[in-house]
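Residue numbers (the numbering used here), protein chains in the order written: chain A, 1 to 615; chain B, 616 to 1019.
For each residue, glycine too, the CB sits at the ideal point set by N, CA and C.
So the structure is just underneath, and the comments pick up after that.
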């Protein structure tokens, strides 16, 4: 592999390796053309970060559709419990005899929906896509630090997705212990049919996934640390890159703990160890395992699980910062405070995991500590929310579909974040733990908000990815219907939760003073929200091939990715990579120019130089 | 099958038609000189207006749902002492977050509307303001400090109730997929239990001299049969493996039961506390205004004892015991009158995913006067009496002498 130099100040070593020739001499202006790429090296085993980003995105979209369909299946059951729905039998066959969802498969659907959305869509689909696409492009790098590792990262993700899909076709059914797979339920096939082969596949899938996340994360961090172009200091990086960097660090520190938890579970399942098992009597037999603790698993799981929430949310917030600034034609308000609050959130996310465990029998004193640390997160979150709002203030807001989704992120981030204040409080969480209140909270703040961030990113950077524009009318329809149905699905759930309706119940809602009607309404919103996603998918694939050609910088943005040519080339920039002279948010400077943005690679004007010296 | 094929054809046709239509629109737009990446004034205005409409919509939904569901009928007030405190804390939190919700959503959507694109205007380059940022760091910090403090006070009251000699010890025992309540009887002391003591009659695995004799006879018989299956049976490999595992587990089980037997016979344990325990599997009955300490155990997987009306919730973890103490303050009768619902029952739900029929794992809970409670409990058979009956069926001698 050739040595990679991205710093134009250093004389670049000309690589001999055909596949790795991003490190070119400045003089070369035929990047990516002098060697032939076959279909396989270009589209399948590609090492180009832009292609890998697209692979992550499309795989993530496909998994997203699977996860969404599963949620519609169980919403049909929840909205109209026990009523035959022929469509269920069409899709699920023996899991929905006569169109009624089997209770075991209901739990499996809930489990796999959660797993796919949390890991395959909002971790890999979001970080994988945009970290890959934007880190090199926005930093002025020719590619990732290790393109080969990057390629492997995608293929491990692909393997992981494949294993997860395979588990849907297992005779005893897929994993069905909830996406958190708490043992002993997940450890004992006797206790639940889904804890047989389905669970084994789930575990292998997640192990492959962790490998993918770690290889991706190492790459993102190394690239940000080492491959920034000349002039791109850390405080000139767009907030997107900051978000991806912090996300990668979180992933690198927390995912290995999940790997450990998963391995111990595998040992308990197949080797007779008792890390998580103790004093269990199941299917007429007393197991020999004693001394383990299922609560240990929960500690390990949530040590990943809580940072994972921010692994999902931060990239989305980073994208929001960027899209809001570009389309409000204003700098993001409080750039340094935004970085500071992201760092604070990231740090705090490692010392709050116990708030998922207030009612596990954990020492109440520990509960107090976790309440305190968790509520601290409200402060940096509030800073972020107010800074977003102030960014809009006195802006000149262009309502691109991406911008709509970004505004949506802020609205959802606030709505969902505020209920977190209640759940963080151990005294209040007791009665709301595992109710629909929690479902409403995390779906809004982490699920839908991050999904909106992903959409904002796709609409905003589609022209960069495919050189064509998405249809905006379809984009508006997609946004408004999704927003309405998202609030329509999750807002009423708060009230069900307050009344004590437990999540993951298959039926029996009549015990809770007639929430059956509300449940049906929620399901209707869910179905509408699900259907409108197909409008997006259609728009995506149509525009990929037939959309109108995109100009080089469609949104008049100042970041570096828009200085690359529309046609993708391996190495990103023909000729020299740009040098950065300013921060990424020079929008609407009061400089008397008609143009309301100044690209990052544009040297300071004489006036600006004078101002700089004056500082 | 045919219907599905037709459906598939319709979907495909719809996709192709939409694609064609989109191409026509796109072509028409190009002819009119419209650029796909430029947002027209009408599009900006329309979306800005819709943003305002959605603000109204969001608040309308909030008011409608709150008016309809946030009331006694759907969310009855707490029926326990600490629950009342929890409710008032919850209300305080709701005032705070509702206020924040309104302020921020209004600002967000109003700014989005007000500062919609106008080609004659230039945005204000406004990158930061330390004072403003300080304000929205400090104010949330102060509010959070108050909420944390208030929360911790309630949490302390909830988890460390004042000691009361009168506290009723009550066990909630969970297994797939039902609950058993165990009353501690006259001695208010729950007898020891072990999972190796579980059999069809003794589902909680309580230990008493009789229970030990019963279990030894059952497990020994079981192990003999399994042993002969393993040695003499012609089983397929997979089944043989299962039987071998079973035998190993039985041997482990016998060892522990023999240890209990030895402890009893050597006099180091009397295992008498379980004698007067009472097991109930249909309705849990508790006296009003008397603290109850729930002891929770599980037989197989993690379950969770959730009593929403009392604001009580605790996992039942196999291998360890968890606790939650509370004091019911409203009888079922009073609650029926208050809610004007003659069928009202408090309920115990399982609220941790535990397998296929998790949703069915529930038990009614009735709060009654102390007198009714005492009369009801006296009518129940004790564990010792139940075990004695079963022993007689097995043809074994009892160690238990009824003092009553």
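Give a yes or no on whether 8 Å exceeds the smallest Cβ distance from residue i to chain B.
i	result
residue 112 of chain A	no
residue 172 of chain A	no
residue 565 of chain A	no
residue 242 of chain A	no
residue 402 of chain A	no
residue 588 of chain A	yes
residue 493 of chain A	no
residue 215 of chain A	no
residue 288 of chain A	yes
residue 621 of chain A	The structure shown does not extend to residue 621 of chain A, since chain A spans only 1 to 615, so no value can be given for it.
residue 310 of chain A	no
Check residue i in the structure and name its three-state DSSP category.
i	result
residue 908 of chain B	strand
residue 825 of chain B	helix
residue 913 of chain B	strand
residue 999 of chain B	helix
residue 651 of chain A	Chain A is shown only over 1 to 615; residue 651 of chain A falls outside these bounds and no answer can be derived.
residue 835 of chain B	helix
residue 197 of chain A	helix
residue 666 of chain B	helix
residue 384 of chain A	helix
residue 549 of chain A	strand
residue 610 of chain A	helix
residue 690 of chain B	coil
residue 968 of chain B	coil
residue 525 of chain A	helix
residue 91 of chain A	helix
Which term fits residue i, buried or exposed, when burial requires 16 or more other beta carbons within 10 angstroms of its beta carbon?
i	result
residue 113 of chain A	buried
residue 229 of chain A	buried
residue 606 of chain A	exposed
residue 836 of chain B	exposed
residue 29 of chain A	Its pLDDT being 43, under 50, residue 29 of chain A is placed unreliably in this model, and the value from its coordinates should be taken loosely. Residue 29 of chain A is exposed by the Cβ-count criterion.
residue 84 of chain A	exposed
residue 640 of chain B	exposed
residue 635 of chain B	exposed
residue 1 of chain A	Low confidence applies to residue 1 of chain A: its pLDDT is 37, below 50, so where it sits in the model is not reliable, and the reading given next is rough at best. With fewer than 16 other Cβ atoms within 10 Å, it is exposed.
residue 938 of chain B	exposed
residue 613 of chain A	exposed
residue 738 of chain B	buried
Could you spell out the range, first to last residue, of the alpha helix (DSSP H) harbouring residue i?
i	result
residue 429 of chain A	426-432
residue 105 of chain A	103-115
residue 920 of chain B	Taken as a continuous stretch (DSSP letters only), residue 920 of chain B belongs to no alpha helix (DSSP H), being part of the beta strand (DSSP E) at 918-922.
residue 154 of chain A	147-167
residue 625 of chain B	617-646
residue 699 of chain B	696-729
Using a C-beta cutoff of 8 Å, does residue i count as contacting chain A?
i	result
residue 998 of chain B	no
residue 712 of chain B	yes
residue 696 of chain B	no
residue 732 of chain B	yes
residue 806 of chain B	no
residue 620 of chain B	no
residue 833 of chain B	no
residue 830 of chain B	no
residue 836 of chain B	no
residue 895 of chain B	no
residue 793 of chain B	no
residue 914 of chain B	yes
State the start and end residues of the unbroken beta strand (DSSP E) segment that holds residue i.
i	result
residue 978 of chain B	977-983
residue 590 of chain A	Taken as a continuous stretch (DSSP letters only), residue 590 of chain A belongs to no beta strand (DSSP E), as it is neither H nor E.
- Message: So within the region 842-893 of chain B, which uninterrupted alpha helix (DSSP H) runs reach at least 4 residues, ignoring any that extend past its ends?
- Response: Correct list: 852-880.
- Query: In chain order, which continuous runs of the beta strand (DSSP E) of length 3 or greater are located wholly inside the region 232-300 of chain A?
  - Reply: none
- Every unbroken alpha helix (DSSP H) within the region 924-963 of chain B, with a cutoff of 4 residues, ordered by chain: 947-954
- Item | Those runs of the beta strand (DSSP E) which lie wholly inside the region 760-815 of chain B and span at least 3 residues | 783-790 and 793-798
- Any chance you could list the alpha helix (DSSP H) runs of at least 4 consecutive residues sitting entirely within the region 413-496 of chain A, in chain order? 426-432, 436-442 and 449-466
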